[in-house]
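Residue numbers for the sequence shown follow the numbering used here, beginning at 6 and rising by one.
One structure below.
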Amino acid sequence: MPDNWASYDTVFIGYPIWWGIAAWPVDAFVKANDFSGKQVVTFATAASSPLGNSGRLLAEMAGGKGSWQDGTCFTGSLSDAKVKDWFKSLKLSN
Ligand SMILES: Cc1cc2nc3c(=O)[nH]c(=O)nc-3n(C[C@H](O)[C@H](O)[C@H](O)COP(=O)(O)O)c2cc1C
């Protein structure tokens, strides 16, 4: 478990897309932690694939605990500005 896990209200889970889903090393992190009471935002990088089902599959691995929302999948060249714009567009509850 990450340090001070209880103090986090929002968790961003970012990963590369592998064969259409989240890179599987991320599965262990999701299965090992309790997301109850947290909002979780998934986002990814990929060569060309969309976020697809990757976020929903991770939420299922988390046993439905937490409030999960799909973020985005970044493809192509990425800049700080693009990431900041995406972050500002999110509707976070806190
Ligand atoms: C095993 C493996 C599978 C991958 N599968 C996909 C895929 O299904 N779709 C896709 O768009 N990119 C795929 N990629 C590319 C990665 O998503 C990409 O390398 C990652 O987002 C990091 O981006 P970068 O290589 O530009 O740093 C795959 C990469 C690896 C190593």
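Where is the CB? At the ideal position from N, CA and C, for every residue including glycine.
Through-space distance from residue j to residue i, alpha-carbon basis
i, j, result
"ALA106", "SER84", "With the chain covering only 6 through 99, there is no way to say anything about residue 106."
"ALA11", "LEU63", "20 Å"
"THR80", "THR47", "15 Å"
"MET6", "ASP39", "9 Å"
"CYS78", "TYR13", "23 Å"
"ALA37", "SER98", "24 Å"
"GLY68", "LYS43", "13 Å"
"SER82", "TRP29", "24 Å"
"THR15", "VAL45", "6 Å"
"PRO55", "GLN74", "15 Å"
Same chain only: Cβ atoms within 7 Å of residue i, ignoring 5 sequence neighbours per side
i, result
"ASP90", "none"
"SER94", "none"
"MET66", "ASP32, VAL35, LYS36"
Residues near residue i in its chain [Cβ-Cβ closer than 8 Å; skip 5 each side]
i, result
"ILE26", "GLY57, ASN58, SER59, LEU62"
Heavy atom of ligand 1 within 6 Å of residue i beta-carbon
i, result
"ALA55", "What sits at residue 55 in the sequence shown is Pro, not Ala. No, since every heavy atom of ligand 1 falls outside the 6 Å radius drawn around the Cβ of PRO55."
"ILE18", "no"
"TRP91", "no"
"PRO21", "yes"
"ALA67", "no"
"TRP1", "No answer is possible for residue 1: it lies beyond the span of the chain, which begins at 6 and ends at 99."
Cut-off 6 Å between Cβ atoms - residues of its own chain near residue i, not counting five sequence neighbours on either side
i, result
"GLY19", "PHE48"
"PHE17", "VAL46"
"SER72", "GLN44"
Jot down the residue ranges of each uninterrupted beta strand (DSSP E) in the region 50 to 96, minimum 3 residues, whole runs only, in chain order.
72 to 80
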